[in-house]
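Visitor:
Chains as they are written, first to last, in the numbering used here: chain A, 1 to 476; chain B, 1 to 451.
Have a look at this one:
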């Protein structure tokens, strides 16, 4: 089952959506010929066919709204529909980023409120909502650490420590800011190796980037000690808040000794993942690092009015075209207001309970990477018995209608399978998933070929990625 | 809590499976001194309550549609066909994630492949990625690409590139100690002129970044700058407006090596500045330094056509600190909006939009220019934006317009101190003659000019 491309649906002369002539007096277009284009080779497909085309294409996806999607570290929880309805209000969707402030007070108030709410939830002193995604939040955070170290007269600190379990964006970001990346090993319990940390900490270290809880789904048993050691050596601690869904109302990241942290609104705060974006990120900082946050912010004047403040001389500057992904901030605001104080803890408790329930039940047939209470996700290390690899298990899950977990990440766990159920699933869904995983484990023994050739029921089978990369076909 | 479906009985039975007395015991690893803090974020609102509250906040905003409105400056008010929104709200697109499992993500992958192809068709460029965050990050990533490709450390950027893009460029490349040279804008004989751009290009220049049309709306001949750049071994980066390509010679035809743009004009809501979609394209032989997600065609064992994320050896999840960028997402859902907009309009529709923009802007400039104390300082030809200068601070003029219910232009003094009396005005296909006439009357009154 494949779908034609728009270029294959194109018929010269097909009527498309027309705009009509404006009602100003007619005037010949007198732009010099050499500045104009000769032809415009876009496909010609009528509206009915375009709508059918993209609707049919959409059905080739699985999504949160259609299937259980326990993709680890991505927090694929239900996205309330009211979020989208609020972002689509004409007063939200239809306002221009540069309008006079007196004509956008409602929008500014929302941004201000989200800044404030995230500060309270995370315990930090100030928040900027301009980063477009988690990776840009990381970029902001590392630029801020650099600026803060320079402000302390510590320009010679050129190295950043990053645990071996970290997401690839951490080292990539540190490199973008010009830092040398030093990999920090984990200990057998999945914590930062404290001895290695102490050995590496010296006057060349600008800071540590640490994911809390870690990508192993674990809360570091010596978290406070880790922060303390880094601080004592003159370093700053960057928190990757991708896994904040484990900590709402459980612990404030600031209290764990983090100096600056990004969180992902598209994970914890239910803005849609959109097939890979838009993301949206909040970058939060202590009072020492707050002056370096990216501009602009929303501030409230003494007259009660809200305004955009881009006049921060110490700021690392502007990272995006305007003031962040406002449409996502409306969604996050709507969601956080519905959570309220009691909802915060309820979310994380259920997310963590669900993950531990899966850990306990799946351990029957799968190795658990670290056999201790996990946080919002559990990392498995492949099947207990030989027979099939993690990739084959994942592909077989597709046949049963599940989006597989994140696989082969974190890199430090062999045959890793990172499962994050989130809090929005019923026990029945979790039980059905467990039964399927156990069935697949049996199939791996009985008929390993069935797994190696999976999936069998999807629109296409395993695709030849090697040939695709060798001879890239990147447009029609 | 409506989104946490576990019942008490289910919770108890799960705890029993775990052999735990309560959910609190799941968190014993967290130091007691920081565990379960007091956080007050207010009461939990029902959906009905939060809807009323957000609707009340929306009422405090004045939407750009349905009123005389002349702001552009990087975000543009266009007509958006209803089908664009309908397709973007398909939750198969909006609630999936990065297509790590291609067999169940062919929807996203095929759409991204089509988006890449449409942007290549539009720009005349050979390769386009699956998108970056916005116009600013597209420009910054283009510059980083040029630095990697040439090994040089000098960037020449036109002052006619959006000021916010230039600020983002500075934030991105600043820490590397790059020599960033910006041309100057002056007003001579009542006309804006850029000086020092072509002169700044030398054999240490990694790239020169120019905007077509410029931030002031002017359409220029790019041949001289690009020729000199290529002779000096540098790369030409063109920042374009996608709507203008309904009429104008595209970056590929100018000989651009990298093309970058804000994709918002292609059917994306203004939404107070985001989410938008950054368009980034390049020559085929530069693709291994192009950052971000790229989708390619592939086949399965039975020979069926499919699509995959490809050339991933460039990316952070494989290359870590040696990656081309730290970018990990694209603006996929927004790129669907742009792709469906281009598909719905087709070549004739896009050309009509571009022509209508030009016609209305031309009419507005002619009418405003006829006021004695108003000068149209953007040289002709321009596309759908132009700058005017009056004897009064632009802020005062805008305030007077607002009293008439008119949202005026971008106050150029915010980014160009020497242009304190200049306003950048934009007209598009949704701007009516009546709205232009009301603007002209209000400007005449505000500046006190006859004519």
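Positions of the beta carbon are idealized from the N, C-alpha and C atoms, including for glycine.
Note down, one range per segment and in chain order, each alpha helix (DSSP H) of at least 4 residues found wholly within the segment 115 to 190 of chain B.
Guide: With a minimum length of 4 residues, the continuous alpha helix (DSSP H) runs that stay inside the segment 115 to 190 of chain B are 135 to 150 and 163 to 173.
Visitor: Does residue 19/A come out as helix, strand or coil in the three-state DSSP assignment?
Guide: Correct three-state label for residue 19/A: coil.
Visitor: Answer with yes or no whether the minimum CB distance from residue 328/B to chain A is below 8 Å.
Guide: For residue 328/B, the answer is yes, since a Cβ of chain A falls inside 8 Å of its Cβ.
Visitor: Just the C-alpha distance for residue 80/B and residue 89/B, rounded to the nearest angstrom, thanks.
Guide: Going by the C-alpha atoms only, they are around 14 Å apart.
Visitor: How big is the Cα-Cα spacing for residue 175/A and residue 227/B?
Guide: Distance between the alpha carbons of residue 175/A and residue 227/B: 33 Å.
Visitor: Answer yes if the segment 296 to 304 of chain B comes into contact with the segment 316 to 336 of chain B, meaning at least three C-beta pairs across the two stretches below 8 Å, and no otherwise.
Guide: No: fewer than three Cβ pairs fall under 8 Å.
Visitor: From this set, 6/A, 263/A and 249/A, which residue's C-alpha is nearest residue 118/B's C-alpha?
Guide: Nearest option by C-alpha distance: 6/A.
Visitor: Taking DSSP as the reference, what is the three-state secondary structure of residue 136/A?
Guide: Three-state result, residue 136/A: helix.
Visitor: Do the segment 49 to 65 of chain B and the segment 262 to 270 of chain A make contact, defined as three or more Cβ pairs closer than 8 Å?
Guide: No contact exists between the segment 49 to 65 of chain B and the segment 262 to 270 of chain A.
Visitor: Which residues mark the beginning and the end of the beta strand (DSSP E) in which residue 219/B is found?
Guide: Note, residue 219/B: premise wrong, no beta strand (DSSP E); not H, not E.
Visitor: From residue 283/B to residue 248/B, what distance separates their C-alpha atoms?
Guide: If you take the alpha carbons of residue 283/B and residue 248/B, they lie about 19 Å apart.
Visitor: In the structure shown, what three-state DSSP assignment does residue 205/B receive?
Guide: Reduced to three states, the DSSP call for residue 205/B is strand.
Visitor: Quick check: is any heavy atom of the ligand MG less than 7 Å from the C-beta of residue 58/A?
Guide: Looking at this structure, you won't find the ligand MG or any other ligand, since it has none at all.
Visitor: I'd like to check one pair, residue 146/A with residue 233/A: are the Cβ atoms closer than 8 Å?
Guide: Taking 8 Å as the Cβ cut-off, residue 233/A and residue 146/A do not qualify as a contacting pair.
Visitor: Pull the bridge partners of residue 81/A from the DSSP assignment, please.
Guide: Note: residue 81/A sits in no beta bridge, so no partner.
Visitor: Tell me which residues of the segment 439 to 465 of chain A have at least one Cβ-Cβ distance to chain B shorter than 7 Å, keeping chain order.
Guide: If the cut-off is 7 Å between Cβ atoms, the segment 439 to 465 of chain A has 455, 458, 459, 460, 461, 462, 463, 464 and 465 near chain B.
Visitor: Exposed or buried, which one is residue 267/A when buried takes at least 16 other CB atoms within 10 Å?
Guide: The residue is buried, with at least 16 neighbouring Cβ atoms inside 10 Å.
Visitor: What is the residue span of the beta strand (DSSP E) that residue 424/B lies within?
Guide: Counting along the chain, the beta strand (DSSP E) containing residue 424/B begins and ends at 422 to 426.
Visitor: Can you tell me the Cβ-Cβ gap for residue 287/A and residue 144/A, rounded? I've got them flagged as a contact below 8 Å.
Guide: Contact flag wrong, Cβ pair sits at about 13 Å.
Visitor: Near residue 221/A, what residues of its chain come up, given a Cβ to Cβ distance below 6 Å and the 5 sequence neighbours on each side ignored?
Guide: The residues are 191.
Visitor: Is the Cβ of residue 165/A closer than 8 Å to any Cβ of chain B?
Guide: Closer than 8 Å: no.
Visitor: Hey, does residue 79/A have any beta-carbon neighbour from chain B nearer than 8 Å?
Guide: Yes, residue 79/A counts as interfacial toward chain B.
Visitor: Can you list the residues of chain B that residue 366/A reaches, using a CB-CB cut of under 7 Å?
Guide: The premise fails here: residue 366/A is roughly 16 Å from chain B at the closest Cβ pair, so nothing lies under 7 Å.
Visitor: Taking C-beta to C-beta, are residue 238/B and residue 212/B nearer than 8 Å?
Guide: Yes, the pair counts as a contact, with Cβ atoms nearer than the cut-off.
Visitor: Applying the 10 Å Cβ sphere with the 16-neighbour rule, what's the burial state of residue 395/A?
Guide: The residue in question, residue 395/A, is buried, as its Cβ has 16 or more Cβ neighbours within 10 Å.
Visitor: Looking at the strands, I want to know which residues DSSP matches up with residue 411/B.
Guide: According to DSSP, which records beta bridges pairwise, residue 411/B is partnered with 423/B.
Visitor: Output needed in chain order: residues of the segment 9 to 21 of chain A with a Cβ under 8 Å from some Cβ in chain B.
Guide: Residues passing the 8 Å Cβ filter: 14, 16, 17, 18, 19, 20 and 21.
Visitor: Pull up the distance between the alpha-carbon of residue 258/A and that of residue 149/A, whole angstroms please.
Guide: Their backbone Cα atoms lie some 15 Å apart in a straight line.
Visitor: Is the shortest distance between the beta-carbon of residue 308/A and the beta-carbons of chain B less than 8 Å?
Guide: So, not an interface residue.
Visitor: Starting from residue 181/A, trace the beta strand (DSSP E) in both directions and tell me its first and last residue.
Guide: 180 to 184 is the extent of the beta strand (DSSP E) around residue 181/A.
Visitor: For the segment 114 to 132 of chain B against the segment 244 to 260 of chain B, do three or more pairs of beta-carbon atoms, one drawn from each stretch, fall closer than 8 Å, so that the two count as touching?
Guide: Yes: at least three Cβ pairs fall under 8 Å.
Visitor: Against chain B, does residue 262/A count as a neighbour if the rule is that its beta carbon must be under 8 Å from one of theirs?
Guide: No, no contact with chain B.
Visitor: Let me see if you follow: with CB-CB separation under 8 Å, is residue 153/B close to chain A or not?
Guide: It does not: the Cβ of residue 153/B has no partner Cβ on chain A nearer than 8 Å.
Visitor: Inspect the CB distances between the segment 442 to 462 of chain A and the segment 287 to 297 of chain B and report whether three or more fall short of 8 Å.
Guide: Counting Cβ pairs under 8 Å, fewer than three are found: no touch.
Visitor: Quick one: grab the DSSP three-state call for residue 450/A.
Guide: Of the three classes helix, strand and coil, the one that applies to residue 450/A here is helix, per DSSP.
Visitor: Counting beta carbon pairs with one atom in the segment 344 to 364 of chain B and one in the segment 408 to 424 of chain B, are three or more of them shorter than 8 Å?
Guide: No contact exists between the segment 408 to 424 of chain B and the segment 344 to 364 of chain B.
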